[in-house]
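Add 216 to a position in the sequence shown, counting from 1, and you land on the number used in the numbering used here.
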Amino acid sequence: MYGNSLIINLNRLSDPRGRLLVMARSQKLNEAALQRTLLLQEHVLSRSQALACGITEGALRHRTRPGGPWQRMLPGVYLTLTGSPTRRHRELAALLYGGSRSTLTGTAALRHYGVRVPDMDIVTVLVPAARPRPDRSFVRVWPTTRMPDRVSTDRMIQFTRVARALADATRELGTFREVRAVVADAVQRGCCRVEWLTEELSHVPRRHSRALRQALAEVADGIRSVAEGDLRDLIGAAGLPMPLFNASLSAGEGFIAVADAWWPEAGVVVEVDSREWHLSPADWERTLRRNAAMSARGIIVLHFTPRQIREEPARVVAEITAALAAGRRRDPLAIRATLATG
């Protein structure tokens, strides 16, 4: 995973993965070289590498015959195992197919950072614009004049830095809701900062940037999950005043809590209770303590699940409306709010 990844400079290494250098074809099998390459590349091998290790054209055809010990994954790329290829096998095959400077990007790259992305079979690789290759099978090839100077690695797999991966992923994803979810998750997990995305956005063609710009604007406003984004959409559609999202609340010298949505003029908080953040008794106890701390200061706290926001919008709007009305009928609370920067 990313925590164990190395950052390398492509300008300093002719082959950052140590496996795609042009090799002269050998006239006899070099079993040691073959096994060394297979070990490094997790049993994924290119045709040129096989020939360089001394495997003849006839032997290559024999090994990749129907029912043989090797299988063809892509043109000129083989898996030297039987059985279904793993995701890592597909990523390595995509890089070999793309060529010596190819780099994973988009959702395939984001998985290596631990960002949650939709389950997609497509692997997208960047290649230099001067060396385009056609898309094949599960590989999408994007020629670019802006190849990254620095990449991350997970053993023999190299992938773009997280901001570039996010920007490219928005072109792979089908809906804005998916874009919002991926961007928010990357920021929430601390994988990417808002300023990194802002810088990357300046390089994205406008025709590809609308969803990313909107998601980035929401994240900058405090949206940290797709459920909070759904809540924002619902509040806007209902004509309710827009709250502060993920505001840090304090009174006097004491910190109270970080609220998912905060209406300062009414002293109302809405918390989005997603099960993924409450997987243990300790998580649930922390939630209870936060609620108690807010209630003790006179804050009206409402709780909704992501499902309720999606499937019971009228009820959610009615409860928020009633809480805002009740909050405005009393004296303002002495609560300070600050917004965290991503």
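The C-beta atom is built at its ideal place from N, Cα and C for all residues, glycine as well. Predicted model only: the values in this text are computed from it and were never measured.
- Proximity to M458 across H259, H419, I536 peaks at I536, based on C-alpha coordinates.
- The Cβ-Cβ distance between V484 and A431 does not fall below 8 Å.
- In the three-state scheme derived from DSSP, where H, G and I count as helix and E and B as strand, I525 is classed as helix.
- Put simply, the backbone Cα of L276 is about 13 Å away from that of K244.
- In this structure, the straight-line span from the alpha carbon of A443 to that of N246 is close to 56 Å.
- Looking at the DSSP output, I451 bridges to nothing.
- Counting along the chain, V403 sits inside the alpha helix (DSSP H) bounded by residues 392-404.
- DSSP places H305 in the uninterrupted alpha helix (DSSP H) bounded by 303-314.
- Assignment of D476 by DSSP, reduced to helix, strand and coil, places it in the strand class.
- For the 8 Å CB-CB criterion, I515 and L450 do not form a contact.
- Residue burial is scored here from C-beta neighbours: S300 has fewer than 16 other C-beta atoms within 10 angstroms and is therefore classed as exposed.
- C-alpha of A541 to C-alpha of L389: approximately 40 Å in a straight line.
- Boundaries of the beta strand (DSSP E) around H519: 516-520.
- Every alpha helix (DSSP H) of 4 residues or more that sits fully in the stretch 268-347 is shown, in chain order, as 273-279, 303-314, 322-327.
- Segment contact: the stretch 298-318 against the stretch 341-350, three or more CB-CB distances shorter than 8 Å; contact assigned.
- Rounded to the nearest angstrom, the gap between the Cα atoms of T361 and A345 is 5 Å.
- Per DSSP, the continuous beta strand (DSSP E) segment holding Q374 begins and ends at 373-376.
- The C-beta distance from P282 to T298 rounds to 12 Å, too long to meet the 8 Å contact threshold.
- For T361, the secondary structure class from DSSP, reduced to helix, strand or coil, is coil.
- E487: member of the beta strand (DSSP E) spanning 484-488, first to last residue.
- Boundaries of the alpha helix (DSSP H) harbouring V435: 422-436, taken from the DSSP string.
- Between the stretch 368-384 and the stretch 399-413 there are three or more C-beta pairs closer than 8 Å, enough to call the two in contact.
- A Cβ-Cβ contact shorter than 8 Å links R349 with G314.
- The DSSP-derived three-state label of S511 is helix.
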